[in-house]
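Novice: One structure, pasted below without further comment.
In full-length UniProt numbering, the protein residues as written are 1 to 115.
Structure follows, in structure tokens:
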């Protein structure tokens, strides 16, 4: 459970760090991060179950990677058996997302230092 939480936090940290390197000032960064975080939060299954959603919103919720993290954590806490396939799939997906966001941040940071 803790590795999954760590991976989700690491991905968001890498993403926010990458975005901060591309934006010119703090006000735009804060506004954009609020937009991203609130969009991710409200289009996940943190507040409502996936079964009660329909239409375009359901597609947005399914595409949201944090929906899958929340569902994995919820099943780890509430169910007696572990769905290893889903857990490994979400963990692997977030390892890829973490690597991608970290690589983008490092690439932009290296460009900043070369200037």
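Don't be surprised by glycine CBs; every beta carbon is placed ideally from N, CA and C.
In the DSSP assignment, the alpha helix (DSSP H) including residue 110 goes from what residue to what residue?
Specialist: Locating residue 110 in the chain shown gives position 110, counting from the first residue. Per DSSP, residue 110 belongs to the alpha helix (DSSP H) from 84 to 114.
Novice: Smallest Cα separation from residue 103: which of 21, 5, 4?
Specialist: The residue you call residue 103 lines up with position 103 of the chain shown. For the residues 21, 5, 4, the minimum Cα distance to residue 103 belongs to 21.
Novice: Comparing C-alpha positions only, which one of 7, 87, 6, 18 sits nearest to residue 110?
Specialist: Position 110 of the chain shown holds residue 110. Among 7, 87, 6, 18, the Cα nearest to that of residue 110 is on 18.
Novice: Which residues in the same chain as residue 95 place their Cβ atom closer than 7 Å to its Cβ, once the five residues preceding and following it in sequence are excluded?
Specialist: Working through the chain shown from its first residue, we reach residue 95 at position 95. Correct list, in chain order: 7.
Novice: Use the C-beta contact count for residue 39: other C-beta atoms within 10 angstroms, 16 or more gives buried, fewer gives exposed.
Specialist: As a first step, residue 39 must be located in the chain shown, where it is residue number 39. Exposed.
Novice: On the premise that residue 11 lies in contact with residue 97, defined as a C-beta separation below 8 Å, what is that separation, rounded to the nearest angstrom?
Specialist: Indexing the chain shown from 1 puts residue 97 at position 97. Indexing the chain shown from 1 puts residue 11 at position 11. The pair is a contact, with the Cβ atoms about 5 Å apart (cut-off 8 Å).
Novice: Please report the distance separating the alpha-carbon of residue 69 from that of residue 49.
Specialist: Locating residue 69 in the chain shown gives position 69, where the first residue counts as 1. Locating residue 49 in the chain shown gives position 49, where the first residue counts as 1. Rounded to whole angstroms, residue 69 to residue 49 spans 14 Å at the Cα level.
Novice: Buried or exposed for residue 14, please, with buried defined as at least 16 other CB atoms from any protein chain shown within 10 angstroms of its CB.
Specialist: As a working note, residue 14 is residue 14 in the chain shown. By the neighbour-count rule (16 or more Cβ atoms within 10 Å), residue 14 is buried.
Novice: Could you spell out where the alpha helix (DSSP H) holding residue 64 opens and where it closes?
Specialist: The count along the chain shown starts at 1 and reaches residue 64 at position 64. Here residue 64 belongs to no alpha helix (DSSP H), and DSSP marks it neither H nor E.
Novice: With distance defined between alpha-carbon atoms, name the residue in 30, 67, 33, 60 nearest to residue 46.
Specialist: Taking the first residue of the chain shown as 1, we reach residue 46 at position 46. Checking every option, the nearest Cα to that of residue 46 belongs to 67.
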